[in-house]
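Below is one structure, written out as structure tokens; the observations come after it.
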Amino acid sequence: MSRERQETWRARVGTLGFDLVRVAALTPPLHDGLTEWFASGKHADLDWMERTAPKRLDPQLVLPGAKSIVMLGVNYWSPKSAGNPTWARYASHEDYHDTIKLGLVAAGRALEEIFDAKSDDYRYYVDTGPVLEREWAARAGLGFVGKNAMLISRTHGNWLLLAAILTRMELEPDEPIRKKIVNAEPDGDRSIGLLCGKCTRCLDACPTEAFAAPGVVDARRCISYQTIENKGVIPRELRPGIGRRIFGCDVCLEVCPWNRFAREGRRLLLSARDDLTELPLRDILELTPVRFAALFRGTPIKRLKWTGLLRNACVVAGNAGDGDALLLPQLVRLASAPESALVRAHAVWAVYRLGGGSELAAARAAEADPIVLAEYAAEAGSGRAT
Ligand code: B12
Ligand code: SF4
Ligand code: SF4
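Numbering (the numbering used here), first residue to last: 184 to 569.
Below, the structure is given as structure tokens:
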């Protein structure tokens, strides 16, 4: 493929809203960190990932005959506050899977036009496909994989969402970031934490000690997993560490010194919804399922459903401390919420945390669901119950 055409395509894709566009060859295969991750259970209940593990490790199983992968980065940094309660920064936009996909459709059409490619010569993904996006992005030189497991860019810090185009066309690969390492392993210059030096800020800052090793997240302990992916009860021992985080977690991203290079994103492929992250906790606790559906339509939060958001809101409220004892009446009401045993269970925990256990006598007498009864039993065992 001519380099000139590739550069024409890259420039076109840049105007669509992708901030970084780089290419990696598909050989040699990636380091397999996945098999051990699944074998040791660090994927929690993300079984759909395990089922597609062979594809994640071998792009030929995704697109037979594939030769190159284009990795794209979308800068989503904004200087705006992440809210109180705190939301993952990507959540203050409409669902990026939908909006970035529109950019990928246009990037694909440009491929067809400029390279005379056919529509079945490529496949694109943003997040949900069986592609190890961070690893390929590192190989393409978009950045390096930090000790926080994130793909970190030297020009945008931690704040890139990633997308991939797998193609049968043989594109000219870009160089990965290299660093001279004395006594490096053969593939040592792609290893985790390449440009981290002695820094361990992210590992030290994680509120729930979710790093099993540098670059290896145990999803079972990760707040992002617990508040977004887990559809059930959040383990009691992790709830205090969740603090004010109502949806996702950016702690190990925020503390990274590479963010000094971050600048405000153009957001051509993102649609801001700052109104959501400005909602006070008090209003979230008052949401009805109908109001939830209307407010969060088209956002990544909709997948949580009312039940998941209210569950998280109860945990945040329970962590609020004495100053927010004003939330107590709302939590006592939620401890009897007929819509969801999951919400009742977390509301019970929060009420006890705020010292209001004695107000739950009626709710407790009426309770029959095992997960809520388990919370009452745990409180009895903790010595907090009255
Ligand atoms: C599953 C998943 C999660 C899980 C698991 C997280 C994890 N660390 O794997 C949970 C729900 C916890 C999660 C959380 C988050 N996620 Co997420 N997640 C994914 C997803 C779908 C798959 C990632 C995956 O394959 N994990 C499995 C592990 C084993 O793979 P890995 O971490 O890439 O590890 C590889 C290497 O490290 C290597 N390796 C492992 N050990 C070793 C050892 C040596 C010596 C070497 C050389 C290599 C090596 O092998 C592994 C691959 O084989 C990707 C999208 C995608 N398709 O890639 C998004 C993705 C990684 N997530 C993303 C984001 C934004 C987040 C959050 C910031 C969201 C939030 N604010 O709450 C947090 C950050 C948590 C963190 N620090 O990682 C972005 C990251 C963008 C970026 N710049 O890196 C992605 C790429 C989505 C996207 N398209 O933008 N996520
Ligand atoms: S996202 Fe939060 S909980 Fe997960 S590893 Fe990073 S700091 Fe820890
Ligand atoms: S905080 Fe420090 S150790 Fe963690 S990823 Fe950033 S530079 Fe690396």
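Glycine residues also receive a C-beta, built at the ideal position from the N, C-alpha and C atoms.
Practice problem: Name the two residues that bound the continuous alpha helix (DSSP H) containing residue 197. | Solution: The residue labelled residue 197 in the question sits at position 14 within the sequence shown. That run of the alpha helix (DSSP H) goes 186-199.
Practice problem: With DSSP as the reference, label residue 232 as helix, strand or coil. | Solution: Taking the sequence shown and counting its residues from 1, the one referred to as residue 232 is at position 49. Helix.
Quiz item: By DSSP, does residue 321 sit in helix, in strand, or in coil?
Solution: Residue numbering aside, residue 321 sits at position 138 when the sequence shown is read from its first letter. Reduced to three states, the DSSP call for residue 321 is helix.
Exercise. Hey, could you find the ends of the beta strand (DSSP E) residue 309 is sitting in?
Key: On the sequence shown, residue 309 is found 126 positions in, with the first residue counted as 1. Premise fails: residue 309 is in no beta strand (DSSP E) and is neither H nor E.
Quiz prompt | Touching by the beta-carbon criterion (3+ pairs, under 8 Å), the region 318-336 and the region 427-443 | solution = yes
Quiz item: For residue 249, which of helix, strand or coil comes out of DSSP?
Solution: To locate residue 249, count along the sequence shown from 1; it is residue 66. Residue 249 falls in the coil class under three-state DSSP.
Self-check item: 9 Å Cβ cutoff met for residue 360 and residue 321
Solution: Position 177 of the sequence shown, counted from the first residue, corresponds to residue 360. Position 138 of the sequence shown, counted from the first residue, corresponds to residue 321. Cβ distance < 9 Å, so residue 360 and residue 321 count as in contact.
Practice problem: Give the range of the beta strand (DSSP E) segment to which residue 470 is assigned. | Solution: To locate residue 470, count along the sequence shown from 1; it is residue 287. First-last for residue 470: undefined, no H or E at that position.
Quiz prompt | For residue 453, the nearest candidate out of 420, 225, 282 and 393 (CA to CA) | solution = Indexing the sequence shown from 1 puts residue 453 at position 270. That would be 282, whose Cα lies nearest to the Cα of residue 453.
Quiz item: Whose C-beta lies closer than 7 Å to the C-beta of residue 393 among residues of the same chain, with five residues either side of it excluded?
Solution: By one-based count along the sequence shown, residue 393 stands at place 210. Cβ neighbours of residue 393 beyond the five flanking positions: 400, 401, 404 and 405.
Exercise. Helix, strand or coil for residue 564, going by three-state DSSP, please let me know.
Key: Counted from its first residue, the sequence shown places residue 564 at position 381. In the structure shown, residue 564 sits in a helix (DSSP, three-state: H, G or I).
Exercise. Have a look at residue 251 and residue 354 and give me their C-alpha separation to the nearest angstrom.
Key: For the purposes of this step, residue 251 is taken as the residue at position 68 of the sequence shown. For the purposes of this step, residue 354 is taken as the residue at position 171 of the sequence shown. Those two C-alpha atoms are separated by around 6 Å.
Quiz item: Roughly how many angstroms lie between the CA atoms of residue 569 and residue 541, to the nearest whole one?
Solution: As a working mapping, residue 569 is identified with position 386 in the sequence shown. As a working mapping, residue 541 is identified with position 358 in the sequence shown. For residue 569, the predicted structure reports a pLDDT of 48, less than 50, and the residue's modelled location is therefore unreliable. The matter cannot be settled from this model.
Quiz item: Taking residue 304 as the reference, which of 350, 407 and 215 has the closest Cα?
Solution: By 1-based counting over the sequence shown, the position of residue 304 is 121. Closest by alpha carbon: 350.
Quiz item: For residue 274 versus residue 484, is the C-beta distance shorter than 9 Å?
Solution: Stepping through the sequence shown from its first residue, residue 274 is reached at position 91. Stepping through the sequence shown from its first residue, residue 484 is reached at position 301. Yes, these two residues count as a Cβ contact at 9 Å.
Exercise. Just confirm the distance between the C-beta atoms of residue 151 and residue 468, as a whole number of angstroms; I'd bet it's less than 8 Å.
Key: Residue 151 lies beyond the range of the chain shown here (184 to 569); nothing can be said about it.
Quiz item: If you pair each beta-carbon of the region 417-434 with each one of the region 265-272, do three or more pairs fall below 8 Å?
Solution: yes
Practice problem: Kindly give me the distance between the Cβ atoms of residue 385 and residue 329, rounded to whole angstroms, as I take these residues to be in contact under 8 Å. | Solution: Locating residue 385 in the sequence shown gives position 202, where the first residue counts as 1. Locating residue 329 in the sequence shown gives position 146, where the first residue counts as 1. Between residue 329 and residue 385 the Cβ distance is about 7 Å, and since that is below 8 Å, they are a contact.
Quiz prompt | Span separating the alpha-carbon of residue 323 from that of residue 187 | solution = Within the sequence shown, numbered from 1, the residue matching residue 323 stands at position 140. Within the sequence shown, numbered from 1, the residue matching residue 187 stands at position 4. Residue 323 and residue 187: Cα-Cα distance of roughly 18 Å.
Quiz item: Near ligand 3, which residues have their beta-carbon less than 5 Å from any of its heavy atoms, given in chain order?
Solution: 329, 330, 331, 379, 382, 384, 385 and 439
Quiz item: Which value, in whole angstroms, describes the spacing of the CA atoms of residue 295 and residue 209?
Solution: Numbered from its first residue, the sequence shown carries residue 295 at position 112. Numbered from its first residue, the sequence shown carries residue 209 at position 26. Taking the straight line joining both Cα atoms gives about 21 Å.
Self-check item: Bounding residues of the beta strand (DSSP E) (the contiguous stretch that carries residue 348)
Solution: Translated into positions along the sequence shown, residue 348 becomes position 165. Per DSSP, residue 348 belongs to the beta strand (DSSP E) from 343-350.
Quiz item: Do the CB positions of residue 309 and residue 254 come within less than 9 Å of each other?
Solution: Reading the sequence shown from its first residue, position 126 is the one you call residue 309. Reading the sequence shown from its first residue, position 71 is the one you call residue 254. Result no, Cβ atoms of residue 309 and residue 254 do not sit closer than 9 Å.
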